[in-house]
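2 protein chains.
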Amino acid sequence: MKYIFPFSEGSKDMKELLGGKGANLAEMTKLGLPVPPGFTITTETCNYFLINKGYPSGFQEELKENLAELELNMSKNLGDGQNPLLVSVRSGAKISMPGMMDTVLNLGLNDTTVLGLISNTQNERFCYDAYRRFVQMFGNVVLGVDHDHFEEAICELKEKKGIKLDTELTAENLKSLVQIYKEIIQKHTNSPFPEQPSEQLRLSIEAVFNSWNNKRACTYRNLHGIPHNIGTAVNIQAMVFGNKGEDSGTGVAFTRNPSTGEKIFYGEYLINAQGEDVVAGIRTPVPLDKLKIQMPTVYEELVSIKDRLENHYHDMQDIEFTVEQGRLFILQTRNGKRTAHAAVRIATEMVKEGLIDKHTALLRVEPNQLKQLLHPSIDPKAKITVIAKGLPASPGAATGKVIFTADEAYEKAQTGDQVILVRKETSPEDIHGMHAAQGILTSTGGNTSHAAVVCRGMGKCCVAGCGDIIVNGKERKFTAGEIVVYEGDIITLNGTTGEVILGEAPMCEPELDGAFRELMQWTDDVRTLKVRANADTPEDAKVALEFGAEGIGLCRTEHMFFAEERIPLMREMILSKDNPEARKKALDKLLPIQKQDFAQIFEVMKGLPVTIRLFDPPLHEFLPDIDQHKRIQNLATELNLTIEHLKDIITNLHEVNPMLGHRGCRLGITYPELYAMQVRAILTAAIECHDRGLAVHPEIEVPLIGNVSELKAVKKIIQGVIEELKEGIKFEYKIGTMIELPRACLTADEIAPEADFFSFGTNDLTQMTYGFSRDDVGTFLPYYLEKGILVEDPTSSIDQSGVGFLMKTCVKLGRQTKENLEIGICGEHGGDPKSIEFCHEIGLNYVSCSPYRVPIARLAAAQATLKH
Amino acid sequence: MKYIFPFSEGSKDMKELLGGKGANLAEMTKLGLPVPPGFTITTETCNYFLINKGYPSGFQEELKENLAELELNMSKNLGDGQNPLLVSVRSGAKISMPGMMDTVLNLGLNDTTVLGLISNTQNERFCYDAYRRFVQMFGNVVLGVDHDHFEEAICELKEKKGIKLDTELTAENLKSLVQIYKEIIQKHTNSPFPEQPSEQLRLSIEAVFNSWNNKRACTYRNLHGIPHNIGTAVNIQAMVFGNKGEDSGTGVAFTRNPSTGEKIFYGEYLINAQGEDVVAGIRTPVPLDKLKIQMPTVYEELVSIKDRLENHYHDMQDIEFTVEQGRLFILQTRNGKRTAHAAVRIATEMVKEGLIDKHTALLRVEPNQLKQLLHPSIDPKAKITVIAKGLPASPGAATGKVIFTADEAYEKAQTGDQVILVRKETSPEDIHGMHAAQGILTSTGGNTSHAAVVCRGMGKCCVAGCGDIIVNGKERKFTAGEIVVYEGDIITLNGTTGEVILGEAPMCEPELDGAFRELMQWTDDVRTLKVRANADTPEDAKVALEFGAEGIGLCRTEHMFFAEERIPLMREMILSKDNPEARKKALDKLLPIQKQDFAQIFEVMKGLPVTIRLFDPPLHEFLPDIDQHKRIQNLATELNLTIEHLKDIITNLHEVNPMLGHRGCRLGITYPELYAMQVRAILTAAIECHDRGLAVHPEIEVPLIGNVSELKAVKKIIQGVIEELKEGIKFEYKIGTMIELPRACLTADEIAPEADFFSFGTNDLTQMTYGFSRDDVGTFLPYYLEKGILVEDPTSSIDQSGVGFLMKTCVKLGRQTKENLEIGICGEHGGDPKSIEFCHEIGLNYVSCSPYRVPIARLAAAQATLKH
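Protein chains in written order, with the numbering used here: chain P, 2 to 869; chain H, 2 to 869.
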């Protein structure tokens, strides 16, 4: 077993063992690029360490050998008073988890080696600066001393010295700071700072290993579905310094623009700085163009390297580089994170450039990221009050209440509020709040700052580095010039322009560009799963069709009854519930209205299938609550009833558990007139359209079937209407059922012979399978997710072991008795990429989702086909 | 294919084809008993007829041949003016459905044949009586004319003639009645009465076939779980007459007493009557002893036949006989229905007599029937007001509100009322009301009347033929001498003595006799399924143990909290729900009380396993409803809170679907102090008992697990307490889980490694699988059952295709990862014999049911072992 690989021995295919960073450092070394030498401790070593709380035997020898090799290579020795070797210690998992785990730079410094470094560099200030940075970083990252203690100390010193910027600190100041930092460490850890470099190295390696299980890394893995048992590699690399003066610097470069996808060399850097200064967003870097002027040779070399890397990796690269006294070093390359817009453009352009094929292109775009493109943007014609402008860090637009801490953003969002998280800068600790917020605004940091990178990954709108504003988290306000915005005030962010707008700005629909349409076209060539939309109105249907829906998978008829002019008729029907005649009279008045609804939808859908679900909710939803006295009074007057009588009716309709009550087909069976009216409306609408020469394809869907007898009973009602209208029915139609009760899945073999199609209602199915209602989970589900009792909210993504088991059983049993049974899904999961992949795997015919999710579903379906 | 079998060709093993009655008639014919000759049309013919609305080809020829054979045999011809053959046409399914289907007697009479009959019998009155009975029966049964029309006509005639009894009608009166009846038929059917005997026969056969699907037959089959597709046979038999004078008669005899099981010849008969007079309960018959005096030879012959029959069938026989002018005919034999008491006595005594073996004996007692023995009887020391006395038709005791129609009895019972159905007599149309009532009281009819037979079958208390009372259904009252009892008044019936008691009489526990204990002992030798009881208190536990429970399968701890002195503590806990410290304080006060509960139960159970379920219900159950203003006010004062604050808390606890809300382990996980307190109470109680030298075996059960992580989380709480108390724990204990969510079944392989046992909570599991709550099914479930959409209420007997599928999956998956996993059931289904058989089949280790059901479960478990 080999625990350590020098960069010269690995390759990009060894990500599993060396992590992404290590594999790419090795690959670049192999390509002959100027990578500072070093070696990688494998992920397997990490896993061994975490399980056994110690190293595998033989590891220490390998570490010694590799360190010796590195020392030889660099002609420097760790801990050498004359010529000390300094190294960085960085984590690097197989799957990138930016900023989630620990990094230590400048390792190897102590009171002795710093003198050697001074004599070598002849730059005392740089050396003490490096030393104090190392002590601070080591203290924080490895020894767990709060960052703020060090910040306070430096501020105090600056105040005492009457200076404002860190760069104004002298070598002497920095030297004293090192001692102050060491005292802070002594105080908070009850141990002295470890002077011995080998001890520093050991502790740092272990800190990186242990950081695999820190809370923010676990949260990140949960959010991104990364397994918890793959561990991280540790990269130990000779230090190079971007902070050795004006001929040094450090930066980040992208081979294409990660926001727009445009094929230009894009990036930013800071002169005389270490890499963490760029990433942390403490100073705002300058664009790469300036480097071309400041260091033309370095710039040319960088351009040639980036071309090589993109051609080598066949993907847009995110490259970290450092210039040490005019010499270029490449510290990292990886596939660059990008906006949805950029992802689509890069994928389609790379196909045209011959760099990748269409299938690869399809796999390059994360379906969920498309939300960015599909969500509304700010109406350009709207009159808005721009109060500040920052960097357009992640496109899109978002409106919400201003909140200043991640915790509060998370809590507010739990209660249904839309929030904008406003911070000076963000850090990995803020991840849960960022996830919960609609958008992020930061006052410092660039396009590659933590906030920007994370938001692009999440497909969330972000305005970063907005120096126009001053954030005062303590007083819960920020100022933009004269304007003061308090916690709870509403602002709108435009992540595409960087504008910060006061109040709620009007939004408009996204314009989808050619690259997007092209990619969508490719998905259709690949995928086997059809994509329909859930649409209740002709307007929804139009949007769905525009986004490429191949039919309507769920048209909920009851929403139609809530309209103001209809609800009185609905109430009339309910109030005459014990009198079938009167009930029928009220329903007869609803009939032409429903018919009109359906005719319009059929017209829009041009002969594509339209699945119409018969009435589903409990009747009491249409009446006011018993304790809404005012409403009861009004309604009683309106309906010419006594208040007592109306209250009696409402009380009678009250259910203990309405979700498990008199609804769905149970209503249709006990009040057959209701379903008869709806079926009549559907079919007469279809007949009218057909007679007008339009193609129609209605599919009648019966909700909440638990027993085939129920379906038979409802079909009898439907067949009665069909019998009456049969002369006019010259088109195809189907009669099928929702599958939303566990029992329906378990007896699918009995139900299938009676159904032309099945459609999984996974919302209800999930609730029944788990035995919880979405209305009531607020008391424990957040706690469950927080404690990891549930890794994922099963209402967002299909719970494959429980609900999925039922679905698989249903598909198997259903097709056992009806081989070619058409099966779809119309729960909210129909728009979730992971669930779509599952639906593809278990052999469904289509998914149906909200209109705006149709493109996401098309892409996810194509990816599912390509993966399986 | 043979459609008809003469009695001489069949046998008792041909029940499937010939029905029970036909097979037994054939068997008796084979035995040489005096059975009037005849033939049986097969059940297959019936099924063919019902499906194809017509006869199979060849049937008519067979019918002709058999009829000719019968005519030859009897030397009489159907429709012969000189010597007419009269026949009966009777239904007879494989499984006895007494009174459910149609019968026609005296078929063959018309204005011509009646004259032939008169000249043969020289008894004009008898002949016209037979004729008018035939026209009435045919009109009612075959032609569907309401019974009341004929009754009115006869009453009118009697009034006109100034007579009271039917027997006072002269031949002339009866002759005119025939014409009146025919006019009634003409009026109500718009057709003349069919004079042609072959037409009469055809119509009667078809009427019997069609009666298979009449409503009361369908209801009966639904109630008794008889398949709907097995059809009925039709028996056509030469008539013999018990109403030819004082040397004729008809009766019913049992080879042993069907009420007590005593081995005595038991029965009753009516002189000069047809069989229907006995069954319908219109006249009250006399005991068989009288026959011994009146017709000693006939009696002797009957005794010898009954001995032969019982020895032949190895079971107690119910024999119908007719004496025609001194000659004995046997019309039917079948296994006699009997009370539970009789069933147990007969079964055990027959073993001793060597007639059957123990296994057969065990299969002879219907487990559900044991309820009769196990239900309380009237306390003999109680002061009661007996207002009347009738026949002790079905033992036991019952109290309820007096109701006079079956429909109202059914409706009242639906609302939870306990009712006593009081009728002059009952008929098969009343079956739903009888089922719903606690007991039945009739003013006419004997021990073999419809009411008596049906009640014994149902195990329901019945006082029949209570001539002391006059029932006035119209005015909704009955009188017993001076006393008037109105609808809604409460009476008590003693079915064991025949007493009718005013008001509610005190009941006491049943005394179980030696035969019962012996039979129960035999069940224990046979069965593999263990039987435990659901018991929440030491008192319940005592009863359970007495009935032979082998442990407690479900001890619900929350019921303990509802006691008056505890609920304030519970409320204190709830009201401090956001403050773990205060919560713990309130719980600390509950701890000693809970400990005491458990200690007492452990003591009673003497080391048998006691499964204690941790707290399950939602917290708001312990607080008043928000609109109970008075209670809110009191509670606020009591707790020193403002009304608003209390209302806020209650509103916060309100759930839309409490069944799917914050309850079970979800509460335990979010409020860990609660479960910790309970576990501490259980274990300290056990430690104390153990220290006192008592054997204890606690099993801690976690409710509402849907995910193994939940169980792990709760186990962590439990383990924490165990860790604290481990020094004292020197006994075995288990930690397991309820299985009551579909997801728990589907992921049983994941849950099993964490659980020492599973226990199916089939109440909740059924509700989740069907997606309905027991509190809300009232709006549609009765309708479903009535329309046959559901054949059986799945909350009474396990729905094997849905819920059972999940249970089977759970057992399979659970034992896949834990081979010897102990699995039980503690839902209400645990006391249902059919469900118990299912539990045996899928390999459960035990069932747990209410204490009073333990003997039923023991017997059902033994039968399951014997059947499989």
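Quick reminder that beta carbons are idealized off the backbone N, C-alpha and C, glycines included.
Among the CB atoms of chain P, one or more fall inside 7 Å of the CB of tyrosine 771(H).
At a C-beta separation below 9 Å, isoleucine 670(H) has these neighbours in chain P: Phe781, Tyr784, Tyr785, Lys788, Ile790. Scanning its chain for C-beta atoms nearer than 6 Å, with the 5 sequence neighbours on each side dropped, one finds around leucine 310(P) the residues Gln318, Thr334, in chain order. Serine 802(H) belongs to the set of residues whose beta carbon lies under 7 Å from a beta carbon in chain P. In this structure, the alpha-carbon of cysteine 463(H) lies about 15 Å from that of phenylalanine 405(H). Residues of chain P whose Cβ lies closer than 7 Å to the Cβ of aspartate 776(H) are, in chain order, Val657, Asn658. The contact set of aspartate 628(P) on chain H, defined by CB atoms closer than 9 Å, consists of Ile627, Asp628 in chain order.
DSSP, reduced to helix, strand and coil, places phenylalanine 839(P) within a helical segment of the structure shown.
The C-beta of glutamate 793(H) comes no closer than 7 Å to any C-beta of chain P.
Contact annotation, glycine 549(P) with arginine 859(P): C-beta distance approximately 6 Å; criterion of less than 8 Å satisfied. According to DSSP, glutamate 269(H) shares a beta bridge with Val253(H), Pro288(H).
Under the Cβ criterion of 7 Å, glycine 226(H) is not counted among the residues facing chain P. Within the region 748-763 of chain H, contact with chain P at the beta-carbon level (separation under 8 Å) is assigned to Thr748, Glu751.
Here the alpha carbon of phenylalanine 40(P) sits roughly 22 Å from the alpha carbon of lysine 54(P).
Chain P places a beta carbon closer than 7 Å to that of glutamate 711(H), counting this residue as a contact. In the three-state reduction of the DSSP assignment, serine 395(P) falls in the strand class. Contact between tyrosine 785(H) and isoleucine 718(H) is absent: CB atoms are separated by about 42 Å, not below the 8 Å threshold. In this structure the region 751-767 of chain P lies against the region 791-805 of chain P, because at least three pairs of beta carbons, one per stretch, are closer than 8 Å. In this chain, the beta strand (DSSP E) harbouring proline 7(P) covers 5-7. At a C-beta separation below 8 Å, asparagine 211(H) has no neighbours in chain P, since its nearest C-beta there lies roughly 22 Å away. Annotation: the continuous alpha helix (DSSP H) that includes glycine 21(P) extends over 16-31. Annotated as proximal: valine 324(H) and serine 249(H), with beta-carbon spacing under 7 Å.
By the Cβ test, the region 345-356 of chain H is not in contact with the region 500-511 of chain H, since fewer than three Cβ pairs between them sit closer than 8 Å. Arginine 744(P) reaches chain H at Thr770, Tyr771, Gly803, counting residues in chain order whose Cβ is nearer than 7 Å.
Contact between the region 34-51 of chain P and the region 114-125 of chain P is absent, with fewer than three C-beta pairs closer than 8 Å.
As the crow flies, the alpha-carbon of glutamate 483(P) is around 11 Å from that of aspartate 469(P).
Beyond the five residues adjoining it in sequence on each side, aspartate 147(P) comes within less than 8 Å, by CB distance, of Asn141, His189 in the same chain, given in chain order. The beta carbon of aspartate 598(P) is closer than 7 Å to those of Met561 in its chain, skipping five residues each way along the sequence. Using beta-carbon distances, leucine 661(H) counts as an interface residue toward chain P, with a partner under 7 Å. Taking 7 Å as the cut-off, the beta carbon of proline 539(P) is found closer than this to the beta carbon of valine 605(P). Per DSSP, the beta-bridge partners of phenylalanine 479(H) are Val472(H), Val486(H). The beta carbon of isoleucine 357(H) is closer than 7 Å to those of His315, Met351 in its chain, skipping five residues each way along the sequence. Sixteen is the threshold: since fewer than 16 other Cβ atoms of the shown chains lie within 10 Å of the Cβ of arginine 632(P), the residue is exposed. Around the Cβ of glutamate 711(H), a 10 Å sphere holds 16 or more other Cβ atoms; the residue is buried. Taking C-beta atoms as the reference points, isoleucine 706(P) and alanine 745(P) count as a pair closer than 7 Å.
Bounds of the alpha helix (DSSP H) holding glycine 515(P) are 515-527.
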